[in-house]
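Asker: Sharing a structure here in structure tokens format.
In my numbering, the protein residues as written are 398 to 915.
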């Protein structure tokens with residue numbers, strides 16, 4: 398009697414539910430590198446290499462721990478290129494009597510798992526992924542009873558559930574739940590920013606890099622240099638370095654953007670969390686210990702904890718609450734194709750060129766670059782939500798659909814009609830100027846509102862306001878915006894609309910096939 402345990406590429410956790418309480422002598426762990434997963438969207442080369450290298454290292458760790466591991470490499474003879482095909486083959490190969498697996502994090506993977514019993518003729522046990530703080534049934538119960546499904550209220554429940562940054566009498570540490578007002582500093586001249594740890598590649602990683610260069614070299618992004626954490630030990634080192642060197646200033650400068658500084662005080666821990674190399678509570682506990690020992694201020698630690706047990710858990714819950722319909726949301730009726738500069742970086746808007754260049758090199762950009770530069774432009778320009786969502790899914794090393802889709806479609810693009818965000822995240826060039834050093838050396842003048850040489854974000858912002866006046870004019874958070882718009886007068890309003898229209902006509906649509914094969 399052999400129990401087959403398929404283990405997916407983002408389930409690299411030795412305490413995974415499917416591995417617990419199992420007789421190792423009667424079990425085979427199946428790990429699979431499959432073409433379908435690397436190409437259902439054409440993922441960044443560095444992202445593919447990260448996942449394959451982490452998988453191979455984890456397989457070796459499992460073998461060292463006494464597990465029998467059947468590892469199917471991408472170029473293995475007979476590889477069927479799909480999870481379902483490899484599960485079928487392995488079931489026959491090992492004469493499996495049953496299959497035990499943890500539910501996939503993405504809707505399409507979960508749908509495939511539901512078909513394994515029929516395809517193999519075996520009983521299949523699909524376990525809840527309990528590596529998250531909030532089980533999905535608990536999230537659904539919260540959503541069902543919540544009139545407004547806002548993250549802030551959910552986050553407070555997660556603080557109470559975990560006890561993180563809570564006093565003995567059940568109050569939030571520091572006397573308040575949220576310290577965002579202390580976390581909005583722009584760039585400061587002369588700051589020294591700690592670089593995240595870089596890890597030397599071993600033979601396993603070198604083999605993966607060669608494989609990815611050969612098979613996926615035409616995909617977006619730079620494969621080299623590659624120095625990302627691919628093992629739990631490396632992930633723990635990255636966590637320790639972040640807490641010691643970057644966390645103290647993370648909060649204050651988390652929204653700042655600086656040319657030539659890819660990480661500032663941010664970390665690369667999202668990739669470790671989403672692969673399963675680190676757990677959310679252990680990461681938060683490390684940050685809270687720094688606060689308790691006086692090594693990091695409350696605003697930094699609270700902001701960091703909120704991103705993990707607040708936004709990350711909330712986005713996962715909202716994804717599963719509304720799938721598969723979520724992927725089709727387009728409340729604002731946006732239809733513009735994605736501009737080609739999202740792939741090429743060839744634009745004279747310095748903020749966008751810098752963000753795309755960093756994304757190409759690192760497979761990373763921090764949350765304000767993603768939300769208020771890349772996402773903001775797409776929303777102002779009326780880019781189709783599915784197009785910009787596919788782009789985000791392709792290009793970032795921490796992007797999995799369960800976290801990327803609700804962030805982009807819901808939060809960034811307001812395409813869910815306001816379920817996740819109470820107002821659209823739009824801003825003119827003034828916001829980017831305040832939070833970055835991009836504008837000073839840009840070809841466009843951020844102070845100029847319309848016409849030749851004016852920052853395109855300025856006219857696009859007011860054009861967006863005008864296009865969607867019927868929807869947003871009564872939104873309490875946009876009342877002042879519309880009061881200003883109406884004071885402009887007809888001639889000034891027309892000038893903004895004409896300037897925006899003229900700029901949008903200069904955009905070149907991206908060629909087909911960049912994100913998904915045609």
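Every residue gets a Cβ at the ideal spot worked out from N, C-alpha and C, and that includes glycine.
Rounded to whole angstroms, how far is the Cβ of residue 483 from the Cβ of residue 469, which I believe are closer than 8 Å?
Answerer: On the chain shown, position 86 is the one that residue 483 refers to. On the chain shown, position 72 is the one that residue 469 refers to. Sure, about 5 Å apart at Cβ, within 8 Å.
Asker: With three or more C-beta pairs closer than 8 Å as the rule, is the stretch 865–883 touching the stretch 831–841?
Answerer: no
Asker: With 16 other CB atoms within 10 Å as the buried threshold, where does residue 555 fall?
Answerer: Residue mapping note: residue 555 aligns to position 158 of the chain shown, counting from 1. By the beta-carbon neighbour count (other beta carbons within 10 angstroms, threshold 16), residue 555 is buried.
Asker: Curious, which full-length beta strand (DSSP E) runs of at least 3 residues does the stretch 699–754 contain?
Answerer: List check, beta strand (DSSP E) in window: nothing returned.
Asker: Starting from the Cα of residue 853, find the closest Cα among 881, 903, 603 and give me that residue.
Answerer: Translated into positions along the chain shown, residue 853 becomes position 456. Considering only alpha carbons, the answer is 903.
Asker: What number of angstroms, rounded off, separates the C-alpha of residue 846 from the C-alpha of residue 808?
Answerer: On the chain shown, residue 846 is found 449 positions in, with the first residue counted as 1. On the chain shown, residue 808 is found 411 positions in, with the first residue counted as 1. CA-CA distance, residue 846 to residue 808, rounds to 27 Å.
Asker: For the beta strand (DSSP E) containing residue 798, list its first residue and its last residue.
Answerer: Here residue 798 refers to the residue found at position 401 when the chain shown is read from its first residue. From DSSP, residue 798 is part of no beta strand (DSSP E) but of the alpha helix (DSSP H) over 798–802.
Asker: When you compare the CB positions of residue 699 and residue 576, do they come within less than 8 Å of one another, or not?
Answerer: Start at 1 with the first residue of the chain shown, and residue 699 comes out as number 302. Start at 1 with the first residue of the chain shown, and residue 576 comes out as number 179. Contact: yes.
Asker: By how many angstroms is the C-alpha of residue 441 removed from the C-alpha of residue 787?
Answerer: To locate residue 787, count along the chain shown from 1; it is residue 390. To locate residue 441, count along the chain shown from 1; it is residue 44. Roughly 12 Å between the two C-alpha positions.
Asker: Which two residues bound the contiguous beta strand (DSSP E) that contains residue 670?
Answerer: If you number the chain shown from 1, residue 670 lands on position 273. That residue, residue 670, is in no beta strand (DSSP E); its alpha helix (DSSP H) goes 666–672.
Asker: On a Cα-Cα basis, can you pick out the residue from 770, 776, 603, 764 that is closest to residue 734?
Answerer: Walking along the chain shown from the start, residue 734 turns up at place 337. Ranking the options by Cα distance to residue 734, first place goes to 776.
Asker: Would residue 732 and residue 781 be called neighbours here (beta carbons separated by less than 8 Å)?
Answerer: Counting from 1 along the chain shown, the entry for residue 732 is found at position 335. Counting from 1 along the chain shown, the entry for residue 781 is found at position 384. Taking 8 Å as the cut-off, the Cβ atoms of residue 732 and residue 781 count as close.
Asker: For residue 714 and residue 501, what's the separation of their Cα atoms in angstroms?
Answerer: Start at 1 with the first residue of the chain shown, and residue 714 comes out as number 317. Start at 1 with the first residue of the chain shown, and residue 501 comes out as number 104. Taking the straight line joining both Cα atoms gives about 14 Å.
Asker: Looking at C-beta atoms only, is the number of pairs between the stretch 521–533 and the stretch 684–701 that lie closer than 8 Å three or more?
Answerer: no
Asker: Could you work out which residue in 726, 697, 762, 404 is closest to residue 641 when comparing CA atoms only?
Answerer: On the chain shown, position 244 is the one that residue 641 refers to. Out of 726, 697, 762, 404, 697 has the C-alpha closest to the C-alpha of residue 641.
Asker: By DSSP's criteria, residue 399 is part of a beta bridge. Which residues make up the other side?
Answerer: Reading the chain shown from its first residue, position 2 is the one you call residue 399. For residue 399, which the question treats as bridged, DSSP gives the partners 493.
Asker: Residue 457 by DSSP, collapsed to three states: which one?
Answerer: Counting from one through the chain shown, the residue named residue 457 turns up at place 60. Residue 457 falls in the helix class under three-state DSSP.
Asker: Taking buried to mean at least 16 other C-beta atoms within 10 Å of its own C-beta, is residue 580 buried or exposed?
Answerer: Working through the chain shown from its first residue, we reach residue 580 at position 183. Burial call: buried.
Asker: Does DSSP classify residue 468 as helix, strand or coil?
Answerer: As a first step, residue 468 is located in the chain shown; it is residue number 71 there, counting from the start. Three-state DSSP puts residue 468 in a strand.
Asker: Would you tell me roughly how many angstroms separate the C-alpha atoms of residue 760 and residue 626, rounded to the nearest one?
Answerer: Position 363 of the chain shown, counted from the first residue, corresponds to residue 760. Position 229 of the chain shown, counted from the first residue, corresponds to residue 626. Looking at the two C-alpha atoms, the distance is approximately 14 Å.
Asker: For the alpha helix (DSSP H) containing residue 429, list its first residue and its last residue.
Answerer: To locate residue 429, count along the chain shown from 1; it is residue 32. Taken as a continuous stretch (DSSP letters only), residue 429 belongs to no alpha helix (DSSP H), being part of the beta strand (DSSP E) at 424–429.
Asker: Determine whether the beta carbon atoms of residue 439 and residue 485 lie at a separation below 8 Å.
Answerer: In the chain shown, the residue the question calls residue 439 occupies position 42. In the chain shown, the residue the question calls residue 485 occupies position 88. No, Cβ-Cβ distance for residue 439 and residue 485 is not below 8 Å.
Asker: If I'm right that residue 617 touches residue 911 with Cβ under 8 Å, what's the distance once you round it to whole angstroms?
Answerer: Residue 617 sits at position 220 when you count from the first residue of the chain shown. Residue 911 sits at position 514 when you count from the first residue of the chain shown. With 8 Å as the limit, residue 617 and residue 911 qualify as a contact, their Cβ atoms being about 7 Å apart.
Asker: For the alpha helix (DSSP H) holding residue 405, just list the boundary residues, first then last.
Answerer: Locating residue 405 in the chain shown gives position 8, where the first residue counts as 1. Premise fails: residue 405 is in no alpha helix (DSSP H) and is neither H nor E.
Asker: Sorted by chain position, which residues of the same chain lie with C-beta nearer than 8 Å to residue 778's C-beta, five sequence neighbours on each side aside?
Answerer: Here residue 778 refers to the residue found at position 381 of the chain shown. Counting only Cβ-Cβ distances below 8 Å, and skipping sequence neighbours, we find 733, 736, 857, 901, 904.
Asker: Is it buried or exposed, residue 712, if we count other Cβ atoms within 10 angstroms and call 16 or more buried?
Answerer: Residue 712 sits at position 315 when you count from the first residue of the chain shown. Counting Cβ neighbours within 10 Å, residue 712 comes out buried, since at least 16 surround it.
Asker: Use the C-beta contact count for residue 475: other C-beta atoms within 10 angstroms, 16 or more gives buried, fewer gives exposed.
Answerer: Along the chain shown, read from residue 1 onward, the residue named residue 475 stands at position 78. Residue 475 comes out exposed.
Asker: Going by DSSP in three states, residue 530 sits in which element: helix, strand or coil?
Answerer: For this step, residue 530 is matched to residue 133 along the chain shown. Looking at residue 530 - three-state DSSP - the assignment turns out to be coil, as it is neither helix nor strand.
Asker: For residue 848, tell me which candidate among 673, 810, 898, 565 has the shortest Cα-Cα distance.
Answerer: On the chain shown, residue 848 is found 451 positions in, with the first residue counted as 1. Among 673, 810, 898, 565, the Cα nearest to that of residue 848 belongs to 898.
Asker: From residue 718 to residue 811, what does the alpha carbon distance come to, in whole angstroms?
Answerer: Looking up residue 718 in the chain shown gives position 321. Looking up residue 811 in the chain shown gives position 414. Their backbone Cα atoms lie some 17 Å apart in a straight line.
Asker: In whole angstroms, what separates the C-alpha of residue 880 from that of residue 886?
Answerer: On the chain shown, position 483 is the one that residue 880 refers to. On the chain shown, position 489 is the one that residue 886 refers to. Cα to Cα, residue 880 sits roughly 11 Å from residue 886.
Asker: Near residue 570, which residues of its chain fall below 7 Å by C-beta distance, leaving aside the five closest residues on each side in sequence?
Answerer: Along the chain shown, read from residue 1 onward, the residue named residue 570 stands at position 173. Cβ within range, chain order: 562, 563, 564, 695.
Asker: Sorted by chain position, which residues of the same chain lie with C-beta nearer than 8 Å to residue 723's C-beta, five sequence neighbours on each side aside?
Answerer: Counting from 1 along the chain shown, the entry for residue 723 is found at position 326. The residues are 715, 716, 802, 803, 806, 807, 813.
Asker: Can you tell me which of 430, 434, 705, 479 puts its alpha carbon nearest to the alpha carbon of residue 531?
Answerer: Taking the chain shown and counting its residues from 1, one reaches residue 531 at position 134. Ranking the options by Cα distance to residue 531, first place goes to 705.
Asker: Between which two residues does the alpha helix (DSSP H) carrying residue 640 extend?
Answerer: As a working note, residue 640 is residue 243 in the chain shown. From DSSP, residue 640 is part of no alpha helix (DSSP H); its letter is neither H nor E.
Asker: Could you tell me the alpha carbon to alpha carbon distance between residue 979 and residue 593, rounded to whole angstroms?
Answerer: In the structure as shown, the chain starts at 398 and stops at 915, and residue 979 therefore has no counterpart that could be examined.
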